[in-house]
Amino acid sequence: MSNQNKEKNESDVTEELTRVNDNIWDIPTSHAYGMNVPGRLFLSEKLMGTIDKETVNQVANVAMLPGILDYSMAMPDVHLGYGFTIGGVAAFDEEEGVISPGGVGFDINCGVRLMKTNLLKEDATPHMKILTENLFKKIPSGVGSKGEFKVTDTELTEAFLHGSQWAVEAGYGIESDTKNCESYGFMEGGNPDTVGTKARKRGRPQFGTLGSGNHFLEIQYVDKIYDPVAAAAYGLEEGQVTVMIHCGSRGAGHQICTDHLQTLNQAVKKYKINVPDMQLACAPAKSKEAQDYFDAMKCGANYAWANRQIIMHWTREVFEQFYGKDTDALGMELLYDVAHNVAKYETHEVDGKKQDVYVHRKGATRAFPAGHPEVPQQYRDVGQPVLIPGSMGTPSFVLKGGPNSMSLSFGSACHGAGRLMGRGKAKGSMNGEAIQEELARQGITVRAEKASVIAEEAPSVYKNSDDVVDVVDSLGIAQKVARLIPIGVIKG
DNA sequence: ATGTGC
Numbered sequence: 001m002s003n004q005n006k007e008k009n010e011s012d013v014t015e016e017l018t019r020v021n022d023n024i025w026d027i028p029t030s031h032a033y034g035m036n037v038p039g040r041l042f043l044s045e046k047l048m049g050t051i052d053k054e055t056v057n058q059v060a061n062v063a064m065l066p067g068i069l070d071y072s073m074a075m076p077d078v079h080l081g082y083g084f085t086i087g088g089v090a091a092f093d094e095e096e097g098v099i100s101p102g103g104v105g106f107d108i109n110c111g112v113r114l115m116k117t118n119l120l121k122e123d124a125t126p127h128m129k130i131l132t133e134n135l136f137k138k139i140p141s142g143v144g145s146k147g148e149f150k151v152t153d154t155e156l157t158e159a160f161l162h163g164s165q166w167a168v169e170a171g172y173g174i175e176s177d178t179k180n181c182e183s184y185g186f187m188e189g190g191n192p193d194t195v196g197t198k199a200r201k202r203g204r205p206q207f208g209t210l211g212s213g214n215h216f217l218e219i220q221y222v223d224k225i226y227d228p229v230a231a232a233a234y235g236l237e238e239g240q241v242t243v244m245i246h247c248g249s250r251g252a253g254h255q256i257c258t259d260h261l262q263t264l265n266q267a268v269k270k271y272k273i274n275v276p277d278m279q280l281a282c283a284p285a286k287s288k289e290a291q292d293y294f295d296a297m298k299c300g301a302n303y304a305w306a307n308r309q310i311i312m313h314w315t316r317e318v319f320e321q322f323y324g325k326d327t328d329a330l331g332m333e334l335l336y337d338v339a340h341n342v343a344k345y346e347t348h349e350v351d352g353k354k355q356d357v358y359v360h361r362k363g364a365t366r367a368f369p370a371g372h373p374e375v376p377q378q379y380r381d382v383g384q385p386v387l388i389p390g391s392m393g394t395p396s397f398v399l400k401g402g403p404n405s406m407s408l409s410f411g412s413a414c415h416g417a418g419r420l421m422g423r424g425k426a427k428g429s430m431n432g433e434a435i436q437e438e439l440a441r442q443g444i445t446v447r448a449e450k451a452s453v454i455a456e457e458a459p460s461v462y463k464n465s466d467d468v469v470d471v472v473d474s475l476g477i478a479q480k481v482a483r484l485i486p487i488g489v490i491k492g
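Residue numbers (full-length UniProt numbering): 1 to 492.
Below you can see the structure in the form of C-alpha cells.
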C-alpha cells in the first residue's frame with residue numbers, strides 16, 4: 001500500500017470516531033444501522049494508525065448482537081479476526097444476550113503462563129544453545145505435532161473436566177501450580193458429552209504439544225522493574241530468569257469450535273437473531289445450543305490449562321537435569337497463568353447494578369484489580385498478574401490488574417503485540433533464516449521446527465508491544481510491573 | 001490458531 005493510500009485510510013478511520021480522551025475512541029451507534037451500543041477502541045493516536053476500516057466495522061458488528069452491554073470494546077492490540085476482532089471484549093446480559101464462539105476464537109484458552117526460577121541471567125545465557133535444544137527435543141511442537149506421551153480416553157475426560165488440577169494430580173506438577181493460576185487451573189462445569197468424537201480424536205495425541213504460529217516457549221530474564229511492591233509480591237527481581245509458555249488447546253479446541261459453529265449457525269435461524277455477519281453465529285445465552293457450546297468450550301479451556309501444565313512440568317525436568325538440582329532448589333514456581341481466548345460467566349456492575357454477564361475475551365486478558373475475590377490470596381493486595389507475551393524476540397511484560405479495569409473494560413486488558421501483517425503475506429515477504437541470524441546477533445537463540453514459522457512471526461509483522469502495553473497502563477486497566485527480555489525461544 | 005488453500 002502506498003503511503004498516500006495509507007494516510008487516506010487512517011483519516012477515514014478516525015473520521016467516524018468520537019475521541020473521548022487520549023486513549024479512548026468511540027464508534028457512535030450512528031456508524032451503522034442496528035448497533036445496540038457504541039463501539040469503544042482503546043488506542044493511542046500512534047496505534048490508531050495500525051487499524052483499518054474493516055477492523056472498526058467488526059467492532060461495530062459485534063455491537064449489533066442482542067443483549068450486548070456498555071460497549072463493543074477493542075484493546076490496543078486489536079486486529080481483524082473471525083467475526084469478532086482479535087483484541088475484542090464483549091459482555092452480554094444473561095437474559096437478553098448471546099454466547100458466540102466467534103467471541104472466543106478457534107484456539108480456546110490460548111494463553112500464557114510464566115514460571116519463575118532463582119537462576120540469574122548469567123547462569124543461563126552461556127547455555128542457551130543446549131538448553132533450547134533439550135527443550136525442543138522434550139516438547140513436541142509444530143502443526144499436527146504429536147508426542148510419545150499418551151493419555152487414555154478416561155484421562156482425556158478427566159482433563160476436560162478438571163484441567164491443570166487433573167494434570168497436577170496425575171503427577172505433572174506441584175500443588176502450588178493450581179493455586180497460582182487463573183480460575184485455579186480449570187473452569188467448573190465442563191461437559192465432555194458436548195465434545196464430539198472428532199475433537200477427542202484430535203486432542204488425545206496432541207496433549208503436551210506446543211503447536212505452531214505465535215505459540216512459543218521462551219527463556220527470558222527480568223530486565224526492568226516498574227513497580228517494586230508488585231514485583232516483590234510476584235517474586236520478581238532484576239536479572240532473574242523466567243520461562244514463558246504460550247499455547248492453547250491445539251486440535252481439540254479447534255474442533256470444538258468448528259463443531260459448535262455448525263449448531264450455532266442453525267440457532268441463528270431458529271431464534272431469528274439478526275447478525276450482520278454469519279461469523280458471528282451465536283444463540284441466546286440460556287438456550288441449549290449456547291450452553292452446550294459453553295460447556296464444550298470449558299472442556300477446551302481445561303484441556304489448554306492441562307496442556308500448559310504438562311509442558312511446564314517437562315520444562316522443569318529439562319532444567320533439573322541440566323543444572324543437577326530439583327524444582328524446589330531452582331525456585332521453579334509458577335507465577336501465574338492467564339487465558340486470553342475464553343468466555344466467562346462473571347459478576348460486573350452495569351449501570352450501577354451488579355449483574356451476572358457472559359464476558360467474551362478474544363485476544364484479551366482478564367485483569368482483575370487488587371481486592372477482587374478471584375485474585376489469588378498471595379496477590380490480592382496488588383492485583384492479578386497480567387501476562388503479555390511479546391512477539392518473537394521482543395520484550396514481554398508482567399502487569400497487574402489496574403483500578404479502572406472493572407469500570408472500563410469488564411476487567412480486561414490487552415493480550416499481546418497484535419499482528420500488523422497477515423500470516424500469508426509475512427511468509428511471502430520475510431526471510432526466516434535471515435531473521436533467525438539477526439535475532440542471534442541480539443543474543444536470542446531461536447530453535448524452530450521450520451524457517452517459515454520464523455518468517456510468519458517476524459517481529460516486524462507485529463505492533464510494538466511497548467506501545468500496546470502503554471495504552472492499558474495509562475488507562476489504569478493494567479499497570480506495568482516488569483519487563484522480560486528473551487534469550488532462548490522454542491517455536492513450532 | 002488449524003490434519004495450513006477454492
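Note that CB positions come from ideal geometry on N, CA and C, so glycine has one too.
Exposure of residue i, with buried meaning 16 or more beta-carbon neighbours within 10 Å
| i | result |
| --- | --- |
| Pro76 | buried |
| Ile245 | buried |
| Met278 | exposed |
| Ile130 | exposed |
| Asp337 | buried |
| Ser176 | exposed |
| Thr347 | exposed |
| Gly324 | exposed |
| Glu433 | exposed |
| Gln4 | For Gln4, the pLDDT reaches just 46, beneath the cut-off of 50, and the residue's location in the model is therefore unreliable, although a value from the coordinates is still provided. Classification of Gln4: exposed, given that the 10 Å Cβ count is below 16. |
| Pro373 | exposed |
| Lys344 | buried |
| Pro228 | exposed |
| Glu148 | exposed |
| Ala329 | exposed |
| Glu158 | buried |
| Asp292 | buried |
| Ser405 | buried |
| Gly492 | buried |
Residues bridged to residue i (per DSSP)
| i | result |
| --- | --- |
| Ile24 | Asn21 and Phe42 |
| Ile273 | In the DSSP output, where bridge partners are listed per residue, Ile273 has none listed. |
| Lys224 | Arg483 |
| Gln240 | Leu120 |
| Thr445 | Gly488 |
| Gly401 | Ala478 |
| Arg423 | DSSP output for Arg423 lists no bridge partner at all. |
| Cys247 | Gly111 |
| Thr365 | Ala413 |
| Ser100 | Note: Ser100 sits in no beta bridge, so no partner. |
| Gln266 | Looking at the DSSP assignment, Gln266 forms no beta bridge with any residue, so it has no partner. |
| Asn341 | Lys362 |
| Met73 | Arg40 and Val89 |
| Asp356 | Thr347 |
| Ser396 | Leu484 |
CB of residue i within 8 Å of CB of residue j, strictly
| i | j | result |
| --- | --- | --- |
| Ala482 | Ala231 | yes |
| Thr132 | Arg447 | yes |
| Met297 | Val104 | yes |
| Asp107 | Ser249 | yes |
| Gly203 | Ala281 | no |
| Gly300 | Pro403 | no |
| Ile27 | Glu16 | yes |
| Tyr234 | Leu335 | yes |
| Ser145 | Thr209 | yes |
| Val89 | Ser452 | no |
| Ile273 | Ala199 | no |
Through-space distance from residue j to residue i, alpha-carbon basis
| i | j | result |
| --- | --- | --- |
| Ser429 | Leu420 | 13 Å |
| Gly383 | Glu237 | 18 Å |
| Thr117 | Gln266 | 50 Å |
| Lys8 | Phe368 | Confidence at Lys8 is low in this model, with a pLDDT of 47, below 50, so its placement is unreliable and no value can be given for it. |
| Ile68 | Gln436 | 44 Å |
| Lys353 | Leu439 | 51 Å |
| Asp193 | Ser465 | 40 Å |
| Val398 | Leu387 | 5 Å |
| Val78 | Gly418 | 6 Å |
| Gly424 | Thr263 | 30 Å |
| Gly111 | Ala170 | 22 Å |
| residue 493 | Met392 | No answer is possible for residue 493: it lies beyond the span of the chain, which begins at 1 and ends at 492. |
| Lys179 | Asp381 | 16 Å |
Checklist entry - Is it a yes or a no for the stretch 474 to 488 touching the stretch 211 to 225, going by three-plus beta-carbon pairs under 8 Å? => result yes
Checklist entry - Does the stretch 304 to 316 touch the stretch 160 to 171, meaning 3 or more C-beta pairs lie closer than 8 Å? => result yes
Checklist entry - Is there contact here, the stretch 54 to 74 with the stretch 449 to 465, by at least three beta-carbon pairs under 8 Å? => result no
Checklist entry - Contact between the stretch 75 to 93 and the stretch 359 to 374: three or more CB pairs below 8 Å? => result Yes, since at least three Cβ pairs between the stretch 75 to 93 and the stretch 359 to 374 fall closer than 8 Å, the two stretches touch.
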